[in-house]
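Residue numbers in the sequence shown follow our numbering, run continuously in steps of one, and reach 535 at the last position.
Built from N, CA and C at the ideal position, the CB exists for glycine as well.
Computed from a predicted model, the values in this text were never measured in an experiment.
A short write-up of the structure that comes next.
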Amino acid sequence: MLGLCATIVKLPTPAMPSNINTEAAWNYHEATKHSYISVRTNPHFLDFDNQPLPFKIYPTLEPSRMATEVRQTGVAALSAIAGSVPAQTLVQSNTPPDLEAVAQLLYLSAGITRQRKYSGGEIYFRAAACTGALYEVELYLVCGDLGDLPAGVYHFAPAEFGLRRLRAGDYRSVLVEATGGEPAIAHAPLTIVCTCTYWRNAWKYQARTYRHFGWDNGTLLANLLAVATALGLPAEVVCGFVDATVNGLLDVDPEREVAFSLVALGHDSEPSSQNAPPAPAEISPLGFEIVPLSRDEVDYPLMREMHAASSLDSAAEVAAWRGRTPLDDSPPPAGPVVRLQPLSDAEMPRDPIEQVILRRGSSRQFARTPISRAQLSTMLNRATRGVPADFLDPMGTQLNHLYLIVHAVEGIESGAYVFHRDRGVLECLKQGNFRDQAGYLGLEQQLPADSAVDIFFLADLRKIFDRLGNRGYRAVQLEAGILGGKLYLGAYAQRLGATGLTFYDDDVTRFFSPHAEGKSAIFLVAVGNSVKHRP
Numbered sequence: 001m002l003g004l005c006a007t008i009v010k011l012p013t014p015a016m017p018s019n020i021n022t023e024a025a026w027n028y029h030e031a032t033k034h035s036y037i038s039v040r041t042n043p044h045f046l047d048f049d050n051q052p053l054p055f056k057i058y059p060t061l062e063p064s065r066m067a068t069e070v071r072q073t074g075v076a077a078l079s080a081i082a083g084s085v086p087a088q089t090l091v092q093s094n095t096p097p098d099l100e101a102v103a104q105l106l107y108l109s110a111g112i113t114r115q116r117k118y119s120g121g122e123i124y125f126r127a128a129a130c131t132g133a134l135y136e137v138e139l140y141l142v143c144g145d146l147g148d149l150p151a152g153v154y155h156f157a158p159a160e161f162g163l164r165r166l167r168a169g170d171y172r173s174v175l176v177e178a179t180g181g182e183p184a185i186a187h188a189p190l191t192i193v194c195t196c197t198y199w200r201n202a203w204k205y206q207a208r209t210y211r212h213f214g215w216d217n218g219t220l221l222a223n224l225l226a227v228a229t230a231l232g233l234p235a236e237v238v239c240g241f242v243d244a245t246v247n248g249l250l251d252v253d254p255e256r257e258v259a260f261s262l263v264a265l266g267h268d269s270e271p272s273s274q275n276a277p278p279a280p281a282e283i284s285p286l287g288f289e290i291v292p293l294s295r296d297e298v299d300y301p302l303m304r305e306m307h308a309a310s311s312l313d314s315a316a317e318v319a320a321w322r323g324r325t326p327l328d329d330s331p332p333p334a335g336p337v338v339r340l341q342p343l344s345d346a347e348m349p350r351d352p353i354e355q356v357i358l359r360r361g362s363s364r365q366f367a368r369t370p371i372s373r374a375q376l377s378t379m380l381n382r383a384t385r386g387v388p389a390d391f392l393d394p395m396g397t398q399l400n401h402l403y404l405i406v407h408a409v410e411g412i413e414s415g416a417y418v419f420h421r422d423r424g425v426l427e428c429l430k431q432g433n434f435r436d437q438a439g440y441l442g443l444e445q446q447l448p449a450d451s452a453v454d455i456f457f458l459a460d461l462r463k464i465f466d467r468l469g470n471r472g473y474r475a476v477q478l479e480a481g482i483l484g485g486k487l488y489l490g491a492y493a494q495r496l497g498a499t500g501l502t503f504y505d506d507d508v509t510r511f512f513s514p515h516a517e518g519k520s521a522i523f524l525v526a527v528g529n530s531v532k533h534r535p
């Protein structure tokens, strides 16, 4: 392991296995598992004198600022997280998002919503939850003319709440080619490219950061998808693309920052190929100066190797990668079941999505008080109705399975459960008070022991890798983050609290076995009644 003050060194890139050789994903997953022993023998410490900047800064480019006034959609958060807008509904209207809508999407997904001073400086909290409040996800826009926003490639600058134009002109055809002609991208007036920066998160979480890429990008996308729905915009998450092409369009250094996902927004009746110039044969580097994140960067090669092994190299490979998702063949319930009882539309809280996002936080302490069966049922029902994504076909397919430890939910006995979303029931795996075990599984933290319910995401990685290769590891982590982000919003829409947590990987699987045997722990969200802290 490199020391914390080591400077990143660029070495010749070795030949990496192709996406279909999944040894790389397995090696990464096994090497980054947490265990009781690994946590205690890790010498890592936080070097606050070398903490990375929370923002990417182009010192020679002045951002064009946008208005931060939030447009009131009036759409209930619990409706927004559950729905999506089919592209066909806008074929006739052909109305692209305007600059005000773009500002709304960016502010409520990655904008700074509050800040807090502490002895070492200030923390700028964003609209979506992020591990360690380190915010390693950067957003870029690739668009045609959008009224007050000329066609171009832009970087979103959250500190100034503005856009820096990196390239002038319509480059949408580059993304169409990079995604193998993905229809959502071809018809989108606007695509948001999400990149992830290794060092900004690895400063604290080391090589496990690549998992966090999916979680943190996913919670951001949960907000973005919900706001798009509230604005009446079709949206689709796209994970199949030629990595080198997208990275080159943004001119990011792939040793430090990489494109992780795309989001197609809006729908033009004519594909961009009808209006945009053809993709250039070669995209020239931009060469803009970028402020270093910190004095030194520590390199964790395992992450870069994982990303390279999951990269796609041609449009033909992208087209072959995209296709039907492995269907869930989980057996029907074999044990006692509890039927969930979601709130009806008439009973549902009507707090609008923008209001819920702005009051969302991450709970720092839970009161050991119960939540209602209807609250839990509504969260699960609304968060799992489907994610529009190119790796989830047909719509409604899901890679992650949800397992629960129920501590204090009215009308549901304490115990361990698995959620059968197609039947709307919880299957009881074992009854009992498992608060102590939940605290241990959640890396010996108090939050999962004090919550009302802990929701664990587990997945059959063998099946996912067989179908999606190494890139399936990106997909399963990203889906977990999106579903977790939806649970966050579903909790706060009902005046509850939530927080995402890490875990002891193999111990989680053992706890839920034999039902979970063969599955891998992916993510954890704890939900309950937050203890309010005075500032």
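Just verifying my parser: in three-state terms, what is the DSSP assignment at residue i?
| i | result |
| --- | --- |
| Gln51 | coil |
| Pro352 | strand |
| Ala259 | strand |
| Lys486 | helix |
| Ile290 | coil |
| Glu138 | strand |
| Gly266 | coil |
| Ile57 | coil |
| Lys117 | strand |
| Glu305 | helix |
| Ile283 | coil |
| Gly481 | helix |
| Arg385 | coil |
| Phe511 | helix |
| Arg360 | coil |
| Val102 | helix |
| Ser520 | strand |
| Gly132 | helix |
| Thr499 | strand |
| Tyr492 | helix |
| Glu297 | coil |
| Glu122 | strand |
| Asn529 | strand |
| Ile20 | coil |
Please name the residue, chosen from the options, that lies closest to residue i on a Cα-to-Cα basis.
| i | options | result |
| --- | --- | --- |
| Thr378 | Thr68, Glu317, Pro342, Gln206 | Pro342 |
| Leu286 | Asp148, Arg495, Pro370, Leu61 | Leu61 |
| Ala23 | Phe465, Lys486, Gly528 | The sequence shown places Glu at residue 23, not Ala. Cα-wise, what sits closest to Glu23 is Phe465. |
| Ile57 | Ala308, Leu166, Gly147, Leu46 | Leu166 |
| Pro349 | Ser414, Gln494, Ala319, Leu402 | Gln494 |
| Phe213 | Cys196, Arg339, Arg172, Gln115 | Cys196 |
| Leu265 | Thr502, Leu141, Leu249 | Leu141 |
| Ala159 | Gly83, Gly147, Gln51, Phe125 | Phe125 |
| Ile112 | Met395, Arg360, Glu257, Pro352 | Arg360 |
| Arg474 | Ala259, Glu282, Phe48 | Ala259 |
| Glu257 | Val237, Asn201, Ala309 | Asn201 |
| Ala281 | Glu177, Ala320, Gly485 | Glu177 |
| Glu427 | Ala133, Ala516, Asn247, Gly74 | Ala516 |
| Val527 | Asn19, Ala110, Gln365 | Gln365 |
| Ile371 | Val39, Thr384, Ser414, Thr131 | Ser414 |
| Ala127 | Ser109, Arg116, Cys143 | Ser109 |
| Thr229 | Asp422, Ala316, His267, Tyr28 | His267 |
| Pro97 | Gly469, Thr191, Gly83, Thr131 | Thr191 |
| Gly484 | Val246, Ala129, Glu317, Ala334 | Ala129 |
Note down the Cα distance separating residue i from residue j, rounded to an integer number of angstroms.
| i | j | result |
| --- | --- | --- |
| Gly180 | Gly323 | 12 Å |
| Ala87 | Asn42 | 49 Å |
| Ile185 | Ser79 | 25 Å |
| Leu2 | Leu358 | Here the model assigns Leu2 a pLDDT of 31, short of 50, so the residue's position is not dependable, and the following value carries that caveat. Near 39 Å, if we compare the C-alpha coordinates of Leu358 and Leu2. |
| Gln375 | Ala77 | 14 Å |
| Ala207 | Met303 | 6 Å |
| Gly386 | Ile482 | 10 Å |
| Arg368 | Ser362 | 17 Å |
| Val227 | Ile353 | 7 Å |
| Asp148 | Tyr171 | 17 Å |
| Asp299 | His44 | 14 Å |
| Ser513 | Asp393 | 28 Å |
Rounded to whole angstroms, how far is the Cβ of residue i from the Cβ of residue j, which I believe are closer than 8 Å?
| i | j | result |
| --- | --- | --- |
| Asn400 | Ile522 | 6 Å |
| Thr68 | Tyr107 | 6 Å |
| Gly240 | Asp145 | Their Cβ separation, rounded to whole angstroms, is 27 Å, which puts Gly240 and Asp145 out of contact at 8 Å. |
| Ala480 | Met306 | Ala480 to Met306, Cβ: 16 Å. No contact. |
| Leu231 | Gln104 | 7 Å |
CB of residue i to nearest heavy atom of the ligand SAM: below 7 Å?
| i | result |
| --- | --- |
| Glu317 | Ligands displayed in this structure: none; no statement on the ligand SAM is therefore possible. |
Exercise. Curious, which full-length beta strand (DSSP E) runs of at least 3 residues does the region 402 to 477 contain?
Worked result: 415 to 420, 425 to 431, 453 to 459
For this session: Go through the region 150 to 176 residue by residue and report every complete run of the alpha helix (DSSP H) that reaches 4 residues or more, in order.
Result: none
Problem set entry | Uninterrupted beta strand (DSSP E) stretches inside the region 61 to 98 (no shorter than 3 residues) | none
Problem set entry | Ordered list of alpha helix (DSSP H) runs contained in the region 187 to 268, each at least 4 residues | 198 to 205, 209 to 230, 243 to 250
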